[in-house]
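These notes concern the structure reproduced below.
Numbering (our numbering), first residue to last: 15 to 305.
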């Protein structure tokens with residue numbers, strides 16, 4: 015069975031989407047519609063901007079979404095039987111399985127990005143990558159810290175990102191190294207994504223989601239928060255909202271997709287990050303790029 019997977023924040027690069035834009039008129043038209051929807055020339059930032067331009071959350075997230083949906087259009091869906099997306103990538107996955115239109119998906123992604131940026135500005139906080147330690151040990155140490163610090167991204171076995179108040183994250187990093195982590199590396203982000211500190215952003219996104227039409231899925235989506243197959247639009251909405259303050263359980267999602275029959279994973283969008291993670295989760299399954 016074929017599964018499509020869509021990347022999240024961090025996969026952006028200068029020049030992203032230009033080859034897709036030049037490849038076909040229908041893809042060009044789709045991408046150009048993004049400028050009108052967003053009210054600014056995002057394509058110029060994607061094609062000719064700087065790394066700093068693309069690092070801004072309100073630019074990064076729509077850019078990756080636009081690139082991913084354009085790539086999906088280029089390969090006509092590839093006849094997939096299930097989809098999943100890493101954090102932001104979940105919105106691209108919901109276009110792939112018919113739950114969201116491109117226009118509505120882009121509007122939600124833009125609102126999500128603005129809400130997350132506002133939450134970051136209001137409460138500066140941090141994230142850190144923890145390498146070489148069991149998930150259970152990371153969870154145990156995070157729970158022992160007095161401030162807010164939680165597991166945020168279960169990327170693959172031995173790679174977990176934690177998120178929370180800067181002082182709490184730094185304290186956790188010290189304890190995690192003492193417990194045997196190979197690395198505990200603060201990430202260059204000024205925000206605690208997928209933690210309780212994203213509560214203000216969650217409330218703002220929830221209002222936008224409730225005012226958006228969600229259709230019944232044509233194929234299941236394995237959502238970050240539940241890790242299991244979902245097709246009901248109301249459940250998909252609830253899971254999308256919960257995702258902002260809850261962890262991205264990518265390891266568990268991929269394991270469940272494999273258990274349900276996935277043998278070939280195709281990454282749709284910029285970069286190859288998810289392919290690398292999938293190979294670390296289960297080296298027996300195939301993992302390739304769509305384009």
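In this text, a Cβ means the ideal position worked out from N, Cα and C, and glycines have one as well. Predicted, not measured: the structure shown is a model, and the values here were computed from it.
task = In angstroms with no decimal places, state the Cα-to-Cα distance between residue 105 and residue 125.
result = 12 angstroms
ask   = Would you report the Cα separation of residue 273 and residue 252, rounded to the nearest angstrom?
value = 24 angstroms
request  = May I ask you to list the residues that DSSP assigns as paired with residue 267?
outcome  = According to DSSP, residue 267 bridges with nothing at all.
query = Which of helix, strand or coil does DSSP assign to residue 184?
reply = helix
query = Nearest chain B C-beta to residue 140 closer than 8 angstroms, yes or no?
reply = Looking at the structure shown, chain B is missing, and only one protein chain is on hand.
message = Given this structure, state the Cα-to-Cα distance separating residue 216 from residue 244, to the nearest angstrom.
response = 21 angstroms
Proximal residues to residue 99 (C-beta, below 6 angstroms), its chain only, five neighbours per side dropped = 20, 106 and 107
message = With the cut-off set at 8 angstroms, would you say residue 123 and residue 79 are in Cβ contact?
response = yes
Status (buried if at least 16 other CB within 10 Å, exposed otherwise) for residue 227 = exposed
ask   = By a C-beta neighbour count over all protein chains shown, 10 Å radius and 16 as the cutoff for buried, is residue 30 buried or exposed?
value = buried
request  = Hey, could you find the ends of the alpha helix (DSSP H) residue 211 is sitting in?
outcome  = Premise fails: residue 211 is in no alpha helix (DSSP H) and is neither H nor E.
key: Where residue 179 falls: helix, strand or coil (DSSP)   = coil
query = So, do the segment 263-281 and the segment 231-249 have three or more beta carbon pairs nearer to each other than 8 angstroms?
reply = yes
task = For residue 138, count neighbouring Cβ atoms within 10 angstroms of its own Cβ and tell me buried if that reaches 16, exposed if not.
result = exposed
Length of the line joining the Cα atoms of residue 151 and residue 143 = 14 angstroms
inquiry  = Can you tell me whether residue 192 sits near the ligand HEM, meaning its C-beta is under 7 angstroms from at least one heavy atom of the ligand?
reply    = Annotation note on the ligand HEM: not contained in the displayed structure, which lists no ligands.
Pick from 295, 258 and 46 that is closest to residue 134, judged by C-alpha positions = 258
request  = Assign residue 188 to one of two classes, buried (16 or more other C-beta atoms within 10 Å of its C-beta) or exposed (fewer than that).
outcome  = exposed
query = What residue does the beta strand (DSSP E) around residue 111 start on, and which one ends it?
reply = Here residue 111 belongs to no beta strand (DSSP E), and DSSP marks it neither H nor E.
query = Counting only runs that start and end within the segment 118-179, where is the beta strand (DSSP E) found for 3 or more residues in a row?
reply = 140-145, 163-170 and 173-178
query = If you run the structure through DSSP and keep just helix, strand and coil, what is residue 9?
reply = The shown model of the chain, from 15 to 305, leaves out residue 9, and the question about it has no answer.
task = Rank 71, 286, 95 and 64 by C-alpha distance to the C-alpha of residue 276 and give the top, closest one.
result = 95
task = Measure the alpha-carbon distance for residue 192 versus residue 204 and round it to whole angstroms.
result = 25 angstroms
message = Pop quiz: residue 281 and residue 300 are said to be a contact at Cβ under 8 angstroms. What is the actual Cβ separation, rounded to whole angstroms?
response = In fact, because the Cβ distance is near 11 angstroms, the residues do not count as touching under 8 angstroms.
query = Taking the alpha carbon of residue 75 as the point to measure from, which residue in 86, 256 and 23 has its own alpha carbon closest?
reply = 23
key: Reference residue 51, options 213, 118, 170 and 278, closest by Cα   = 118
inquiry  = Assuming residue 302 is part of the beta strand (DSSP E), what are its boundary residues?
reply    = 300-303
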